[in-house]
Each structure stands twice: as C-alpha cells, then as structure tokens.
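Working notes, structure below.
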Amino acid sequence: MVTSAEQGRETRARLMDAAVELIAEQGWGAVTTRMVAERAELRPGLVHYHFTSVNDLLIDASLRMVRALASSVLDEGLDRSGPAGLDRLLAAIAAYTVADADTRVFSEMLLAATRYERLHEGLGGVLREFRAAVAAWLRSSGSVPDPEATAVVLVATLDGLVLHRLIDPRLGELGVDGPLRRLTGMSGNRR
C-alpha cells in the first residue's frame, strides 16, 4: 500500500515533470497552473497544495532537471582521465540539439534566472559545482597550469555552443573539438 508521503512525492514529481515539458514547449512565462495540472493529469488545486506558486514549481522543476543533466554529463564525460574523458565530455555536450527539450528548458532558465533570485542562486550553485568538478578533473590530468580558470572558460564555451546551436543548428557540423582540446591542453596528435 502506498503511504501518503509516497503519494505526495509521486504527485510532486508528476507536477515537476509536466512543468519541465511545458517550459520546453511553451516558454517559462506561458506556463499556467491549469496547463501543468492537465499535463500531469491531476487536479489544479494540487499544484498549489505542493507549491506556493506556479513560479516556485517552475523553479523547483527546472533546477531538478538541470541538476540531473549536470550529473549525467559529469558521470559520462569525466569518468575517464585525459583525452578519453574529454572525448566523452564533448560527445555528451554534442548530444544536446535544438530538438532536445532539455536544451530549450536550460535556455529558458538562464533568462528566468535574471528575474528570480531563488532560481539565480540555485542555478549558480549548480554551475559552480559543475565547474569545480571540471577543474578537479583538469587538475588530475595535469594538462593545464590553471585548472579553475580553464574550467570556467571551458564550461562557458560548452554552454555557449549549446545555446548557439538553438539558433544555428549547423554549428553541430563545425569541428570545434580541436580548439577545445587545445584549451584543455589535451590536443595530442589531433587537429
């Protein structure tokens, strides 16, 4: 038998899943209580039972999504050292395309974070943790003299490439691996 706490967690998860889907489809500002409830196949009152506002739901849902994405990219990309790890990191980032809902949600989050302090702080924390993990990985490779600064530039570059591909999907065809390898000091014999 399902406990009320388990049912509450399931309801919150369904609402957050629906919210993320709607952010990707409609944009942050267009998502309403009714839309989320309909998508989650729940009563609209449950949105406000579990979240103080639709905006709080959107913040919680998008931060949950970006934490999972960051964890996935780090697990896939940085589980190996040196050039092999960089190959996996670049492949993980290259998988995000204009058709990918996560990419659209991330772009919506960046704009919304300029308006909502809680989202700003939460997203900033995720990015700091991500950069710290990349810096630790770079430090362990011994490939660059300043791993922290290199991590900042590398992560910002990767984020920028993902966002630019939203506007110009042909950027995925452009070989940027060489410049990124040089940035990380892992160019080896590659161009």
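Going by the numbering used here, the first residue of the sequence shown is number -13, and it counts up by one from there. Ideal placement from N, C-alpha and C gives every residue a C-beta, glycine not left out. Bear in mind that the values here come from a model prediction, so they are computed numbers and not experimental data.
Excluding the five sequence neighbours on either side, which residues of its own chain have a C-beta within less than 8 Å of the C-beta of residue i, listed in chain order?
i      : result
VAL141 : LEU113, PHE116, ARG117 and VAL120
MET172 : GLY68, PRO69, LEU72, SER127 and SER129
HIS34  : THR19
LEU147 : ILE79, LEU157 and VAL162
Using only the alpha-carbon positions, how far apart do residue i and residue j sit?
i        : j      : result
ARG20    : SER58  : 31 Å
LEU144   : ASP88  : 15 Å
LEU49    : SER93  : 13 Å
GLY180   : THR83  : Since the first residue of the chain shown is -13 and the last is 177, residue 180 is not available in this structure.
ARG177   : GLY110 : Any reading at ARG177 must be qualified, since the residue scores a pLDDT of 40, below 50, and its modelled position is unreliable; the value itself is stated next. Cα-Cα distance, rounded: 33 Å.
LEU32    : VAL138 : 40 Å
LEU135   : ARG104 : Note on residue identity: the sequence assigns Ala, not Leu, to residue 135. Roughly 26 Å separates the two Cα atoms.
GLY(-6)  : ARG156 : 44 Å
ALA(-9)  : PRO133 : 44 Å
ARG101   : VAL40  : 15 Å
LEU96    : VAL17  : 16 Å
VAL(-12) : LEU160 : 51 Å
Does the beta-carbon distance from residue i to residue j come in below 7 Å?
i       : j      : result
ARG151  : GLY158 : yes
LEU55   : VAL22  : no
ALA(-1) : ALA26  : no
GLU62   : ALA78  : yes
LEU43   : PHE37  : yes
Given residue i, which residues of its chain have a CB within under 7 Å of its CB, disregarding the five upstream and five downstream residues?
i      : result
ARG66  : ARG74
VAL6   : ALA47, SER48, MET51 and VAL91
THR170 : LEU72, LEU124, SER129, VAL130, THR136 and LEU140
LEU76  : ASP163 and LEU166
MET99  : In the sequence on display, residue 99 carries Ala and not Met. Counting only Cβ-Cβ distances below 7 Å, and skipping sequence neighbours, we find LEU105, HIS106 and LEU109.
GLY13  : GLU94
LEU149 : SER93
ALA122 : none
So, helix, strand or coil for residue i, using DSSP?
i       : result
GLU159  : helix
GLY171  : coil
GLU(-4) : helix
PRO131  : coil
ALA5    : helix
GLY15   : helix
GLU27   : coil
MET95   : helix
ALA85   : coil
Spatial neighbours of residue i within its chain, please: CB distance less than 6 Å, with the 5 preceding and 5 following residues excluded, ordered by chain position.
i      : result
ALA10  : ALA87, ARG90 and VAL91
GLY108 : LEU49
Inside the stretch 34 to 78 only - alpha helix (DSSP H) runs reaching at least 4 residues:
Fully enclosed alpha helix (DSSP H) runs of 4 or longer: 40 to 63.
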